[in-house]
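Please read the structure below before turning to the comments.
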Amino acid sequence: MPFVKPANLGKYDVIVVGSGAAGGQTAYTLAMEGARVLMIEAGRRYSPESETPMFHAPHQAPLRGTSTPEKPFGFHDATVDGGWQVPGEPYVNASEDDAGRFDWWRARMLGGRTNHWGRYSFRNGPYDFKPKGRDGLGFDWPLGYQELAPYYDKVEMLIGVYGANDGLENTPDSSPGCLLPPPKPRVSDLLVAHRAKRLGIPVVAGHRAVLTQALDHRNLPRKLHPGNANAQAVLAEHMQRRAACFWATPCGRGCSVGANYQSTTVHLPPALATGKLDILVSAMVHEVTLGREGRASGVRFVDKTTGTTGEARARAVCLAASACETVRILLNSKGVRHPEGLANSSGKLGRYLMDTVGTSVQGQVPLLEALPPHNEDGASGGHLYAPWWLYGEQLRGKLGFARGYHIEFQGGRTMPSMRTVSGLEWLTGGSYGRKFKEDARRYYGSMVNFDGRGEMIPNEHSWCEIDPAVKDRWGIPVLRFHWQWSEHETRQAAHMQKTFAAIIEAMGGRVRGEVLADGAKAIAPGGSIIHEVGGAIMGDDPRGSVTNGYGQAWDVPNLFVTDGATFPSNADKNPTLTIMALAWRSADHILERMRRREL
Amino acid sequence: MRIDRRTTIQWMLAAAAALRFAPGLGYAGAQAAESPAAAVPGYGTDPDLMRLYQPGDVWPLTMSAAERRTAAALGDLVVPADADSPSASEVGVVEFLDEWISAPYPVQQADRRTVSWGLQWLDDEAQRRFRRGFAALATDEMTAICDEICFLPRAPEGLEAAATFFARFRDLLAGGYYTSPAGMRAIRYVGNVVLPRFDGPPPDVLRRVGLLEGGDEGPR
Chain A
209 MPFVKPANLG KYDVIVVGSG AAGGQTAYTL AMEGARVLMI EAGRRYSPES ETPMFHAPHQ
269 APLRGTSTPE KPFGFHDATV DGGWQVPGEP YVNASEDDAG RFDWWRARML GGRTNHWGRY
329 SFRNGPYDFK PKGRDGLGFD WPLGYQELAP YYDKVEMLIG VYGANDGLEN TPDSSPGCLL
389 PPPKPRVSDL LVAHRAKRLG IPVVAGHRAV LTQALDHRNL PRKLHPGNAN AQAVLAEHMQ
449 RRAACFWATP CGRGCSVGAN YQSTTVHLPP ALATGKLDIL VSAMVHEVTL GREGRASGVR
509 FVDKTTGTTG EARARAVCLA ASACETVRIL LNSKGVRHPE GLANSSGKLG RYLMDTVGTS
569 VQGQVPLLEA LPPHNEDGAS GGHLYAPWWL YGEQLRGKLG FARGYHIEFQ GGRTMPSMRT
629 VSGLEWLTGG SYGRKFKEDA RRYYGSMVNF DGRGEMIPNE HSWCEIDPAV KDRWGIPVLR
689 FHWQWSEHET RQAAHMQKTF AAIIEAMGGR VRGEVLADGA KAIAPGGSII HEVGGAIMGD
749 DPRGSVTNGY GQAWDVPNLF VTDGATFPSN ADKNPTLTIM ALAWRSADHI LERMRRREL
Chain B
66 MRIDRRTTIQ WMLAAAAALR FAPGLGYAGA QAAESPAAAV PGYGTDPDLM RLYQPGDVWP
126 LTMSAAERRT AAALGDLVVP ADADSPSASE VGVVEFLDEW ISAPYPVQQA DRRTVSWGLQ
186 WLDDEAQRRF RRGFAALATD EMTAICDEIC FLPRAPEGLE AAATFFARFR DLLAGGYYTS
246 PAGMRAIRYV GNVVLPRFDG PPPDVLRRVG LLEGGDEGPR
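If you read the sequences in order, they're chains A and B.
Going by this note's numbering, the first residue of the first sequence is number 209, and it counts up by one from there.
Going by this note's numbering, the first residue of the second sequence is number 66, and it counts up by one from there.
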């Protein structure tokens, strides 16, 4: 089965709305295990094999590839028809104050944001599933690390993640054979590690979904699909099509040879090859339809190519449209018996939106100046990172904020961009002429950027609802966002600033600009780190949550949420790997229930 | 990715401020209301990423001949040719600057105002001091002007705007230059090529940084 049109939809077991990390994984697991799946994606079809500008240089792009409103991560970034503003698809912020704003990233394309993401792939640790039990704040998950660990293993084996097992607190090791070897550190990585250690900050191999070597196509398919010869054969064949990283071209452009994870090169091709998956693109789902006994009968969508409405039907519906879009679909699915939206008997739909706390500091390090030229492209993202290290101090209340962060950092002689030789006056005193050319050579490669990625605790003031007036270009009511950081987040951002400055100084370097002591000034606006989760949180109690631990809506037994909307907390660990692990687990549960004829 | 996000967030803050009072208005609508010069379309949200672009391919170039002359002269003063690498104008940076300030996006529209004003100021200043346009000045005459505006914190009173222009011009120029093939060679960028293995830094690099010995203290 292939890409289909609204007019020739077939008979399906499951509809999956969305095609990114959640939709890709959900559809993959279901189709590989024999379920008939219809995937519906709001954006256009997208083929990384033919559309990825792999070796294009900045001078071959308009404006040297710099970010613009139409290509927010740069011209050659994989994202098309996406960004914080999408033409014709507005949203509303209840507050006009920057601190109360949430900016909503969308990527309307097959594979969604997995085409361009940073590929950071961290596991939540045991504490991260029971945060309330640890410090009394937020919510516990209805499952623990041990229940998700086998699925983390599976996802890592399927998509390919480099990293190492370091045995650190709340930073789980993977099972043997799951991780690929990490890339060798760059010189700036080694210097950061060396000096951060003096400050008691551990620096270890990063975890990113990049193939540092080819996947083991002989053994992995058996582990991933035991007893399923067809799935094993399909996957083995497909794994051989993915090449190992050749240490060039930024991952954010996507990868035409499949050396990193994106749904369009990893999840969708084998799922399509089973013949069990149909994909409908350019179709904007806006409503889940109900049939007998309050069960979901399918979805209603706008065919964006014609502007007409269509319907698809299946035995079960999985929403994997990204946290806020999934919430929007449910809120817009109003009925006589559920005027406040579907699956919202708890009143919690749209509540507890979270993003990641982010702030950055850049330093210039004389030791790294004018080093002998060598190729530092590597795996394009971070080779090392620093997991959160102050669990004990934090628990004893010594930090003034309750949850941790990790540090992503990168220096080195990256491919020059518009930013590479800009704003150097603080180092050069305003040189121009030959001196400026010498300065450019001298300072190139001597900058190190530190990015904090920290946990936000869910709060009552960060949520979304349907705006009473504004509709998008298809007439679909849009979201209105409310946002507020708590002091746990702003103090954490201030701690990041201080820590990064300390590392830079320990490297003998100088901080560029001001170290921000006021966390409210340091913290990136809500939505800007693009780790938004929550809005349809899972829990043990139907009165306080929207779904159970399998993402199954309490109110609608054949309706599942398999994206980040179900997260009851947002650990510092980037959410994508956990989204995929949860989606695989949900899909297994759906398959099991279907086998038992419960769905 | 990591570096771009910072730019992106800065842009986002600016764009959101511009859009704040126009909910439901598309980006193009808000822009058109703000600046008539931004009326030309951009490349859209789904441009052909595989195509190789030249300045002028997507939106028309708009610099006047006089602006180009001054930009070339100033560009070659800031990034002159030397034994190692060519000058800014030799690698097409003036065309790039023209592309930049002719673009319909908010950052570029703001730069258009800065750069057009600054190039005119330079010419006026050259006329005032030497009775010739900037491009016709001898190098020491050019530096007499530019030494005063090359570093904002030391700019004489009254020349702050000129110094702000100079800083922005230098950044744009260096951006255009060091992303060109010749500029990448000049800065000693040796990547964007297929490697069979990634070996990390060579020993002489580690030695320079003091990390070759002391492996006991360093990380894996």
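Glycine is no exception: its CB is placed at the ideal position from the N, C-alpha and C atoms.
Proximity test, Cβ basis, 8 Å: residue i and chain A
{"i": "A239/B", "result": "yes"}
{"i": "W186/B", "result": "no"}
{"i": "L276/B", "result": "yes"}
{"i": "L142/B", "result": "yes"}
{"i": "A251/B", "result": "yes"}
{"i": "W165/B", "result": "yes"}
{"i": "M128/B", "result": "no"}
{"i": "S181/B", "result": "no"}
{"i": "P151/B", "result": "no"}
Contact with chain B by residue i, beta-carbon distance below 8 Å
{"i": "H425/A", "result": "no"}
{"i": "D585/A", "result": "yes"}
{"i": "Q268/A", "result": "yes"}
{"i": "P389/A", "result": "no"}
{"i": "T473/A", "result": "no"}
{"i": "L603/A", "result": "no"}
{"i": "W597/A", "result": "no"}
{"i": "H739/A", "result": "no"}
{"i": "F330/A", "result": "no"}
Span separating the alpha-carbon of residue i from that of residue j
{"i": "V525/A", "j": "H582/A", "result": "51 Å"}
{"i": "P256/A", "j": "T473/A", "result": "7 Å"}
{"i": "L388/A", "j": "T420/A", "result": "6 Å"}
{"i": "T135/B", "j": "M262/A", "result": "36 Å"}
{"i": "P270/A", "j": "H739/A", "result": "29 Å"}
{"i": "M704/A", "j": "G566/A", "result": "9 Å"}
{"i": "R262/B", "j": "Q440/A", "result": "29 Å"}
{"i": "C386/A", "j": "A452/A", "result": "16 Å"}
{"i": "L356/A", "j": "Y243/B", "result": "47 Å"}
{"i": "A226/B", "j": "K542/A", "result": "57 Å"}
{"i": "T628/A", "j": "M249/B", "result": "11 Å"}
{"i": "E577/A", "j": "Q470/A", "result": "35 Å"}
{"i": "G716/A", "j": "G121/B", "result": "45 Å"}
{"i": "K643/A", "j": "P145/B", "result": "10 Å"}
{"i": "G600/A", "j": "R508/A", "result": "50 Å"}
For residue i, the first and last residue of its enclosing beta strand (DSSP E)
{"i": "L246/A", "result": "V245 to I248"}
{"i": "P685/A", "result": "P685 to H690"}
{"i": "L632/A", "result": "Run containing L632/A: none; DSSP gives neither H nor E here."}
{"i": "I537/A", "result": "From DSSP, I537/A is part of no beta strand (DSSP E) but of the alpha helix (DSSP H) over A531 to N540."}
{"i": "L767/A", "result": "L767 to V769"}
{"i": "D336/A", "result": "From DSSP, D336/A is part of no beta strand (DSSP E) but of the alpha helix (DSSP H) over P334 to F337."}
{"i": "R559/A", "result": "R559 to M562"}
{"i": "L498/A", "result": "A491 to L498"}
{"i": "S505/A", "result": "A504 to D511"}
Residue i - partner residues in DSSP beta bridges
{"i": "G616/A", "result": "The question names Gly, but residue 616/A in the sequence shown is Glu. Answer by DSSP bridge pairing, in chain order: Y593/A and D659/A."}
{"i": "A761/A", "result": "T755/A"}
{"i": "H546/A", "result": "G543/A"}
{"i": "W671/A", "result": "H690/A"}
{"i": "G566/A", "result": "R661/A"}
{"i": "Y328/A", "result": "R416/A"}
Continuous alpha helix (DSSP H) stretch holding residue i: start and end
{"i": "V159/B", "result": "V158 to I166"}
{"i": "E355/A", "result": "Y353 to I367"}
C-beta atoms of residue i and residue j nearer than 8 Å
{"i": "V496/A", "j": "L550/A", "result": "yes"}
{"i": "A230/A", "j": "I787/A", "result": "yes"}
{"i": "G241/B", "j": "R621/A", "result": "no"}
{"i": "D289/A", "j": "R321/A", "result": "no"}
{"i": "G352/A", "j": "F337/A", "result": "yes"}
{"i": "A215/A", "j": "R416/A", "result": "no"}
{"i": "A168/A", "j": "A531/A", "result": "Look at the range of chain A in this structure, 209 to 807, and you will see that residue 168/A is not part of it."}
{"i": "C672/A", "j": "F658/A", "result": "no"}
{"i": "F876/A", "j": "W691/A", "result": "No statement about residue 876/A is possible, as the shown extent of chain A runs from 209 to 807 and does not include it."}
{"i": "A235/A", "j": "H446/A", "result": "no"}
{"i": "G462/A", "j": "G414/A", "result": "no"}
{"i": "A286/A", "j": "T260/A", "result": "yes"}
Near the ligand SAH: residue i beta-carbon under 7 Å from a heavy atom
{"i": "N552/A", "result": "For the structure depicted, the ligand SAH is absent and the ligand set is empty, with no information on it obtainable."}
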